[in-house]
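Student: Going down the list, the protein sequences come from chains A and B.
Quick note, my numbering runs 177 ahead of the 1-based positions in the first sequence.
Quick note, my numbering runs 225 ahead of the 1-based positions in the second sequence.
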Amino acid sequence: KQEVTQIPAALSVPEGENLVLNCSFTDSAIYNLQWFRQDPGKGLTSLLLIQSSQREQTSGRLNASLDKSSGRSTLYIAASQPGDSATYLCAVDDDYKLSFGAGTTVTVRA
Amino acid sequence: SQTIHQWPATLVQPVGSPLSLECTVEGTSNPNLYWYRQAAGRGLQLLFYSVGIGQISSEVPQNLSASRPQDRQFILSSKKLLLSDSGFYLCAWRTSTDTQYFGPGTRLTVL
């Protein structure tokens, strides 16, 4: 059974600092890995999807890397803003089903 | 563009009462559909998924059930709610490029 772990559980940084969020998974036989954002009481917003054959994906200030062999992914958010405050979830897709980590709750202080 | 709807947005139900949550998707056909639950302080748990009308796969044995009566409609039900059924229920669909998009969710409180 796939186990997904996200470290740290919570992170607080001043505005402008770069964010580094980590995700690890136990079974490397995956189709893809996705990063989501969740605001309090809301549904999930898809941020980035990395196919198993890719090493990284970028969208604006967001960059996600994938090292499938070691079972790790990292989400980088450059020049953080207060609007980046949210919970970030990593999800691994194996057999067309997502296994989620518990998330990292980010607070960006103005 | 594709849109996913869920209702109701919030629900408070007594223990032992029935449940019906509805999810509909617009702007796509024959989507893969999913029901997830997010309990307080815990990650998302996949409950059911469906690859077509009448085709339901259950991931976790419990007192919930799902049905897909139409191509873009996915329903989550229970005959008798338990306290442990409280949580945030999310419906999602999968695109042809494997991205999953989520609905706004239903907050269920069982008292």
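C-beta atoms are modelled at their ideal positions from N, C-alpha and C, and glycine is treated no differently.
Tell me whether Gly328(B) is buried or exposed, calling it buried when 16 or more other Cβ atoms sit within 10 Å of its Cβ.
Tutor: Numbered from 1 along the second sequence, position 103 holds the residue referred to as residue 328(B). With 16 or more Cβ atoms within 10 Å of its Cβ, Gly328(B) is classed as buried.
Student: Can you tell me which of the three DSSP states Gly260(A) falls into?
Tutor: Translated into the one-based positions of the first sequence, residue 260(A) becomes position 83. In the structure shown, Gly260(A) adopts helical secondary structure according to DSSP, grouped into three states.
Student: Within a Cβ cutoff of 8 Å, which residues of the same chain sit near Gly248(A), ignoring the five residues on either side of it in sequence?
Tutor: If you number the first sequence from 1, residue 248(A) lands on position 71. Cβ neighbours of Gly248(A) beyond the five flanking positions: Ser201, Phe202, Thr203, Asp204, Ser205.
Student: Quick one: grab the DSSP three-state call for Ser276(A).
Tutor: Locating residue 276(A) in the first sequence gives position 99, counting from the first residue. Three-state result, Ser276(A): strand.
Student: On the CB-based measure, 16 or more other CB atoms within 10 Å of its CB, does Gly252(B) come out buried or exposed?
Tutor: By 1-based counting over the second sequence, the position of residue 252(B) is 27. Classification of Gly252(B): exposed, given that the 10 Å Cβ count is below 16.
Student: Does the separation of the CB atoms of Val283(A) and Ser262(A) fall below 7 Å?
Tutor: The residue you call residue 283(A) lines up with position 106 of the first sequence. The residue you call residue 262(A) lines up with position 85 of the first sequence. A contact, by the Cβ cut-off of 7 Å.
Student: Strictly below 8 Å CB to CB, what residues from chain A border Ser257(B)?
Tutor: For this step, residue 257(B) is matched to residue 32 along the second sequence. According to the sequence as given, residue 257(B) is Asn; it is not Ser. The answer, in chain order, is Tyr273.
Student: Can you tell me where the beta strand (DSSP E) holding Asn257(B) begins and where it ends?
Tutor: Position 32 of the second sequence, counted from the first residue, corresponds to residue 257(B). Looking at the DSSP string, the run of the beta strand (DSSP E) that includes Asn257(B) is 257-263.
Student: Round the Cβ separation of Ile300(B) and Glu247(B) to the nearest angstrom and send it over; I've been treating them as touching at under 8 Å.
Tutor: The count along the second sequence starts at 1 and reaches residue 300(B) at position 75. The count along the second sequence starts at 1 and reaches residue 247(B) at position 22. The pair is a contact, with the Cβ atoms about 5 Å apart (cut-off 8 Å).
Student: Sorted by chain position, which residues of the same chain lie with C-beta nearer than 7 Å to Ser254(B)'s C-beta, five sequence neighbours on each side aside?
Tutor: Reading the second sequence from its first residue, position 29 is the one you call residue 254(B). The residues are Asp296.
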